[in-house]
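Heads up, the thing below is written out as C-alpha cells.
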Amino acid sequence: MGGSKAAPARGRDQTSKHRQGFTVFINNVSKRIHYATLKEAFNIYGEVLDSYITYRSLARKRSQTTFAFIRFKTQAGAKRAIDKGDGRMMDGFKVRVYPEKTGKKN
Numbered sequence: 001m002g003g004s005k006a007a008p009a010r011g012r013d014q015t016s017k018h019r020q021g022f023t024v025f026i027n028n029v030s031k032r033i034h035y036a037t038l039k040e041a042f043n044i045y046g047e048v049l050d051s052y053i054t055y056r057s058l059a060r061k062r063s064q065t066t067f068a069f070i071r072f073k074t075q076a077g078a079k080r081a082i083d084k085g086d087g088r089m090m091d092g093f094k095v096r097v098y099p100e101k102t103g104k105k106n
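When the sequence shown is numbered by the UniProt record's numbering, its final residue is 106 and no position is left out of the sequence of numbers.
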C-alpha cells in the first residue's frame with residue numbers, strides 16, 4: 001500500500017509531537033475558527049507549538065462557541081497570551097484566556 005499519512009484530527013495541530021511547553025486554556029472560541037487561524041492569532045504573544053480546539057463538546061452542543069488549548073514554547077509567551085489575549089474579539093466573540101489547570105490537588 002502507499003505511504004500516505006493520515007490527515008490530522010479535526011481541530012488539532014500535530015506539527016509538534018512532544019509534550020513540552022506551557023499551555024493556556026481559551027474559552028468562548030467560535031466553532032467557525034480553524035486551529036491554524038487560532039495558532040496564527042496567538043503567535044503574536046510567543047512561539048506557539050500547537051493548538052487544539054474541541055468541536056464536539058456535549059456540554060456545548062447547541063452553543064456557537066467552544067474551548068481550546070494552545071501550547072507555547074516559553075512561559076513568557078503563555079503569560080503574554082493570558083495578560084494581553086484575554087478579552088480580545090475573535091470572529092465576533094470575546095475570548096477568555098486562562099492558565100491551564102493541571103488537575104493536580106495541592
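In this text, a Cβ means the ideal position worked out from N, Cα and C, and glycines have one as well. On a predicted model such as this, the values are computed, not experimentally measured, just so you know.
Residue i vs residue j beta-carbon contact at 7 angstroms
i	j	result
F22	Q75	yes
T66	T54	yes
R80	Y35	no
Alpha carbon of residue i to alpha carbon of residue j, nearest angstrom
i	j	result
residue 123	K84	Coverage of the chain is limited to positions 1 through 106, which leaves residue 123 absent and any answer about it impossible.
A78	L38	14 angstroms
E40	E47	10 angstroms
S51	R71	6 angstroms
K101	G92	26 angstroms
I82	S30	18 angstroms
R96	Q20	23 angstroms
N27	A59	13 angstroms
V24	R62	24 angstroms
R32	K73	26 angstroms
D86	R56	23 angstroms
Assigned exposure category for residue i - 16 Cβ within 10 Å defines buried
i	result
M89	exposed
Y98	exposed
L49	buried
TODO: Pick out the complete alpha helix (DSSP H) segments inside the UniProt domain "RRM" (22-102), 4 residues or longer, and give them in chain order.
DONE: 35-42 and 75-85
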